[in-house]
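Student: Here it is, the structure, as structure tokens.
Numbering (UniProt numbering), first residue to last: 1 to 241.
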């Protein structure tokens, strides 16, 4: 009946006080609530007919755990990158790392400073900018060089600033190329993050060649070929002009 807490305020009657010896003994406060809900206007029931319980959230009217969960779960704002990250063409562990990146769950200098830690910040790849995740993955010159190299291999322009803009570059291309490029985007993001950790924690020098060897054209495209269509995908492991 969609009764609110304010509507039910003051109602303290128990069932034993409402039905006595099979007869209704409706307290005044309960009667007022039922009147407000227009219970008297409900169609009469027919004891000779069987009652039928209908689960309204389900299109078939049947109760299921899935329909109950769908009804009570908290829904977040829909994002545009879910099908890019959770993709059959991409290894689940890679998708999980990429998911953290899209949700900005990375321990960059900027995120640490937001927690109140006083920390001087500088990009680990040699530029003078402060380190944040967006800079590491897209705007650092080191990252731009890698994205330009990827885009050139697929015959695409490299004028994109984030993953969704990069993904849009293959609109109108074949399904295979789109899957390969999706895998390239996600894997390259993960590679850039792992490269950052290698430089910061292992004291390695920034190395673009190492990142290129780990990118889809050198690794994911070939080893992921069974996911992307078997032998046909293997034969496509070459620059796409």
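We treat Cβ as the ideally placed atom computed from N, Cα and C, and that holds for glycine.
1) My output table needs one value for residue 5: the three-state DSSP class, helix, strand or coil.
2) Cutting at 6 Å between CB atoms, please list the residues of its own chain near residue 189, excluding the five before and the five after it.
3) Would you kindly work out how many angstroms separate the C-alpha atoms of residue 204 and residue 195, rounded to a whole number?
4) Helix, strand or coil for residue 136 per DSSP?
5) Tell me where the alpha helix (DSSP H) around residue 64 begins and ends.
6) Considering only residues of the same chain and omitting the five flanking positions on each side of residue 47, which have a CB-CB separation below 8 Å?
7) Nearest CA to the CA of residue 151: which residue from 168, 126 and 198?
8) Contact between the region 169–180 and the region 140–158 is defined here as three or more beta-carbon pairs at a separation below 8 Å; is this criterion met?
9) What does DSSP give as the partner residues of residue 19 in its beta bridges?
10) When the Cα of residue 27 is compared with those of 35, 13 and 43, which residue comes out closest?
Tutor: On the basis of the supplied data:
1) Position 5 of the chain shown holds residue 5. Secondary structure of residue 5 (DSSP, three-state): helix.
2) If you number the chain shown from 1, residue 189 lands on position 189. In its chain, beyond the 5 residues on either side, 98, 101 and 137 have a beta carbon closer than 6 Å to the beta carbon of residue 189.
3) Here residue 204 refers to the residue found at position 204 of the chain shown. Here residue 195 refers to the residue found at position 195 of the chain shown. Approximately 9 Å between the Cα atoms of the pair.
4) Taking the chain shown and counting its residues from 1, one reaches residue 136 at position 136. Reduced to three states, the DSSP call for residue 136 is helix.
5) Within the chain shown, residue 64 is the residue found at index 64, counting from 1. For residue 64, no alpha helix (DSSP H) segment is defined, and its DSSP state is neither H nor E.
6) Against the chain shown, residue 47 aligns to sequence position 47. Cβ neighbours of residue 47 beyond the five flanking positions: none.
7) Residue numbering aside, residue 151 sits at position 151 when the chain shown is read from its first letter. Here the closest residue by C-alpha is 168.
8) A contact exists between the region 169–180 and the region 140–158.
9) Position 19 of the chain shown, counted from the first residue, corresponds to residue 19. BP columns for residue 19 point to 24.
10) To locate residue 27, count along the chain shown from 1; it is residue 27. Per the Cα distances, 13.
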